[in-house]
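Below is one structure, written out as C-alpha coordinates; comments come after it.
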Amino acid sequence: MEFQAEYILIADRLQIRYYGIIIVVAMLIAATVAARLAKRDGKDPDHIWGALTWAIIPAIIGARLWFVLFPPQTLIAQGNDTAWFLQNFFNLENGAIAIWSGGLSIFGAVLGGLIGGYLYMRRNKLPVGQWLDIAGV
1383 MEFQAEYILI ADRLQIRYYG IIIVVAMLIA ATVAARLAKR DGKDPDHIWG
1433 ALTWAIIPAI IGARLWFVLF PPQTLIAQGN DTAWFLQNFF NLENGAIAIW
1483 SGGLSIFGAV LGGLIGGYLY MRRNKLPVGQ WLDIAGV
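As C-alpha coordinates, this is what we get:
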(Lines of atoms letter the chains of each structure in order from A and count residues from 1; the text may use other names and numbers.)
(Lines give C-alpha, C1' and ligand atoms only; values in the text may rest on other atoms or scores of the structure.)
Protein backbone atom coordinates (compact mmCIF):
# COMPACT_ATOMS: atom_id res chain seq x y z
CA MET A 1 0.00 0.00 0.00
CA GLU A 2 1.38 3.36 -1.04
CA PHE A 3 0.19 6.77 0.15
CA GLN A 4 0.13 9.67 -2.30
CA ALA A 5 -0.97 13.27 -1.85
CA GLU A 6 -4.42 12.62 -3.39
CA TYR A 7 -5.03 8.91 -2.94
CA ILE A 8 -4.04 5.58 -1.42
CA LEU A 9 -2.68 3.12 -3.98
CA ILE A 10 -3.49 -0.54 -3.33
CA ALA A 11 -1.96 -3.38 -5.37
CA ASP A 12 -0.49 -0.94 -7.93
CA ARG A 13 -3.88 -0.42 -9.59
CA LEU A 14 -6.63 0.55 -7.18
CA GLN A 15 -6.69 4.22 -6.21
CA ILE A 16 -8.83 5.20 -3.24
CA ARG A 17 -9.13 8.97 -3.18
CA TYR A 18 -9.19 10.76 0.15
CA TYR A 19 -12.33 12.74 -0.64
CA GLY A 20 -14.13 9.43 -1.24
CA ILE A 21 -13.08 8.22 2.19
CA ILE A 22 -14.27 11.49 3.72
CA ILE A 23 -17.66 11.20 1.97
CA VAL A 24 -18.18 7.61 3.16
CA VAL A 25 -17.23 8.48 6.75
CA ALA A 26 -19.53 11.52 6.69
CA MET A 27 -22.43 9.40 5.40
CA LEU A 28 -21.90 6.82 8.14
CA ILE A 29 -21.74 9.49 10.85
CA ALA A 30 -24.86 11.21 9.48
CA ALA A 31 -26.75 7.90 9.32
CA THR A 32 -25.72 7.06 12.88
CA VAL A 33 -26.96 10.44 14.15
CA ALA A 34 -30.20 10.11 12.14
CA ALA A 35 -30.76 6.58 13.47
CA ARG A 36 -30.38 7.84 17.04
CA LEU A 37 -32.81 10.68 16.36
CA ALA A 38 -35.30 8.23 14.85
CA LYS A 39 -35.04 5.99 17.90
CA ARG A 40 -35.50 8.99 20.18
CA ASP A 41 -38.69 9.86 18.26
CA GLY A 42 -40.01 6.31 18.64
CA LYS A 43 -39.34 5.26 15.05
CA ASP A 44 -37.47 2.19 13.82
CA PRO A 45 -33.84 3.28 13.23
CA ASP A 46 -33.33 0.41 10.77
CA HIS A 47 -35.24 2.47 8.22
CA ILE A 48 -32.35 4.96 8.14
CA TRP A 49 -29.92 2.20 7.18
CA GLY A 50 -32.38 0.74 4.69
CA ALA A 51 -32.91 4.10 3.01
CA LEU A 52 -29.15 4.69 2.92
CA THR A 53 -28.66 1.33 1.25
CA TRP A 54 -31.31 2.16 -1.34
CA ALA A 55 -29.73 5.60 -1.90
CA ILE A 56 -26.16 4.51 -2.67
CA ILE A 57 -26.55 3.09 -6.20
CA PRO A 58 -28.93 5.84 -7.44
CA ALA A 59 -26.52 8.42 -5.98
CA ILE A 60 -23.60 7.00 -7.95
CA ILE A 61 -25.69 6.80 -11.13
CA GLY A 62 -27.00 10.33 -10.59
CA ALA A 63 -23.51 11.68 -9.94
CA ARG A 64 -22.17 10.24 -13.19
CA LEU A 65 -25.26 11.17 -15.18
CA TRP A 66 -25.06 14.79 -14.02
CA PHE A 67 -21.36 14.88 -14.93
CA VAL A 68 -22.10 13.52 -18.42
CA LEU A 69 -25.04 15.87 -19.03
CA PHE A 70 -23.34 18.94 -17.55
CA PRO A 71 -19.56 18.45 -17.94
CA PRO A 72 -17.22 21.07 -16.46
CA GLN A 73 -15.87 23.81 -18.70
CA THR A 74 -12.38 22.29 -18.62
CA LEU A 75 -13.67 19.16 -20.37
CA ILE A 76 -15.80 21.13 -22.83
CA ALA A 77 -12.67 23.11 -23.80
CA GLN A 78 -11.00 19.77 -24.64
CA GLY A 79 -13.95 18.77 -26.82
CA ASN A 80 -15.52 16.41 -24.29
CA ASP A 81 -19.01 17.85 -24.13
CA THR A 82 -22.29 16.00 -23.59
CA ALA A 83 -22.50 15.01 -27.26
CA TRP A 84 -18.99 13.52 -27.07
CA PHE A 85 -19.88 11.50 -23.98
CA LEU A 86 -23.01 10.15 -25.66
CA GLN A 87 -21.15 9.30 -28.90
CA ASN A 88 -18.45 7.51 -26.89
CA PHE A 89 -20.85 5.97 -24.39
CA PHE A 90 -19.13 2.57 -24.16
CA ASN A 91 -15.56 3.89 -24.39
CA LEU A 92 -14.00 2.18 -21.36
CA GLU A 93 -11.15 4.70 -21.02
CA ASN A 94 -13.17 7.87 -20.55
CA GLY A 95 -16.65 7.41 -22.02
CA ALA A 96 -19.95 7.94 -20.25
CA ILE A 97 -19.85 4.60 -18.41
CA ALA A 98 -16.16 4.88 -17.43
CA ILE A 99 -16.88 5.97 -13.87
CA TRP A 100 -13.44 4.73 -12.81
CA SER A 101 -11.76 7.39 -14.95
CA GLY A 102 -13.23 10.11 -12.76
CA GLY A 103 -16.09 12.48 -13.17
CA LEU A 104 -18.84 12.52 -10.57
CA SER A 105 -21.00 15.46 -9.54
CA ILE A 106 -22.24 16.10 -6.02
CA PHE A 107 -25.45 17.65 -7.40
CA GLY A 108 -26.35 14.45 -9.23
CA ALA A 109 -25.32 12.36 -6.23
CA VAL A 110 -27.65 14.26 -3.89
CA LEU A 111 -30.52 14.10 -6.38
CA GLY A 112 -30.01 10.38 -7.05
CA GLY A 113 -29.69 9.64 -3.34
CA LEU A 114 -32.91 11.51 -2.60
CA ILE A 115 -34.71 9.53 -5.31
CA GLY A 116 -33.39 6.25 -3.90
CA GLY A 117 -34.38 7.19 -0.35
CA TYR A 118 -37.81 8.31 -1.54
CA LEU A 119 -38.36 4.98 -3.31
CA TYR A 120 -37.41 3.14 -0.11
CA MET A 121 -39.86 5.20 1.93
CA ARG A 122 -42.70 4.73 -0.56
CA ARG A 123 -42.07 0.97 -0.75
CA ASN A 124 -42.21 0.70 3.04
CA LYS A 125 -45.19 3.10 3.32
CA LEU A 126 -43.32 5.55 5.51
CA PRO A 127 -44.26 9.23 5.89
CA VAL A 128 -41.69 10.86 3.62
CA GLY A 129 -41.77 14.28 5.28
CA GLN A 130 -41.11 12.96 8.79
CA TRP A 131 -38.19 10.82 7.65
CA LEU A 132 -36.67 13.60 5.56
CA ASP A 133 -36.93 15.82 8.63
CA ILE A 134 -34.95 13.28 10.66
CA ALA A 135 -32.41 12.76 7.88
CA GLY A 136 -32.04 16.51 7.35
CA VAL A 137 -30.79 17.08 10.87
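Each residue of the sequence shown is one higher than the one before, starting from 1383 at the first, in the working numbering. Ideal placement from N, C-alpha and C gives every residue a C-beta, glycine not left out.
For residue i, report the span of its alpha helix (DSSP H) as first-last.
i	result
R1505	1488-1505
Q1375	A question about residue 1375 goes unanswered here, because the residues of the chain that appear run from 1383 up to 1519.
I1458	1455-1459
P1440	1428-1451
V1519	No alpha helix (DSSP H) holds V1519; DSSP gives it neither H nor E.
Which residue wins for smallest C-alpha separation from residue i, given the options the options?
i	options	result
T1456	G1485, E1388, I1438	G1485
R1418	I1458, V1492, W1431	W1431
I1439	R1422, G1495, Q1512	G1495
L1514	H1429, S1483, E1475, L1391	H1429
Please list the terminal residues of the continuous beta strand (DSSP E) segment that includes residue i.
i	result
L1474	First-last for L1474: undefined, no H or E at that position.
I1392	1389-1392
Given residue i, which residues of its chain have a CB within under 8 Å of its CB, disregarding the five upstream and five downstream residues?
i	result
P1453	N1462, D1463, T1464, F1467, G1485
I1488	A1445
I1516	A1416, L1419, A1420, D1423, K1425, I1430
List the whole-angstrom C-beta distance separating residue i from residue j, where the pair is believed to meet the contact cut-off of C-beta under 8 Å.
i	j	result
F1472	I1481	Rounded, the Cβ-Cβ distance is 13 Å, inconsistent with contact.
G1499	A1437	5 Å
A1433	Y1502	4 Å
In chain order, what residues of the same chain lie with their CB nearer than 6 Å to the CB of residue i, ignoring the 5 residues before and after it?
i	result
G1490	G1444, A1445, L1447, W1448
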